[in-house]
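Chemist: Residue 11 in the working numbering sits at position 10 of the sequence shown, and the numbers go up by one each step. Questions regarding the structure given below will be posed in turn.
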Amino acid sequence: MSDIDVLKKEKHDLIEKMLVMQKQFIEYEHQQGISGKDYWAPKEGLLVDYRQQYMDMANRVVDIAHEIVGSARN
């Protein structure tokens, strides 16, 4: 497996995890509702690390995409 194939697999796996997280978020929101305070400053539950984890994965996906095509993120 080439380096590009490894990067593509990592990107695919991250996107799959992000989709699962989105589905969990939507289910949580429909069941319990989410206030601004719950979203921005959660103390417990699904949202405690949700935003940071999702953002880290999304940034990694962008970095991988740039690496695959040989461009730079500005």
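From the three backbone atoms N, C-alpha and C, an ideal C-beta is built for every residue, glycine too.
Would you kindly report the start and end of the unbroken alpha helix (DSSP H) that includes Asp39?
Modeler: Working through the sequence shown from its first residue, we reach residue 39 at position 38. Start and end: 37-41.
Chemist: Report the three-state DSSP secondary structure of Glu28 (helix, strand or coil).
Modeler: Here residue 28 corresponds to residue number 27 of the sequence shown, with the count starting at 1. Of the three classes helix, strand and coil, the one that applies to Glu28 here is helix, per DSSP.
Chemist: With a threshold of 7 Å (Cβ to nearest heavy atom), would Asp64 be considered close to the ligand FAD?
Modeler: Annotation note on the ligand FAD: not contained in the displayed structure, which lists no ligands.
Chemist: Terminal residues of the continuous alpha helix (DSSP H) containing Ala66?
Modeler: For the purposes of this step, residue 66 is taken as the residue at position 65 of the sequence shown. Start and end: 51-70.
Chemist: Smallest Cα separation from Ala59: which of Asp14, Ile27, Glu30, Tyr29?
Modeler: Taking the first residue of the sequence shown as 1, we reach residue 59 at position 58. The residue with the shortest Cα to Cα distance from Ala59 is Asp14.
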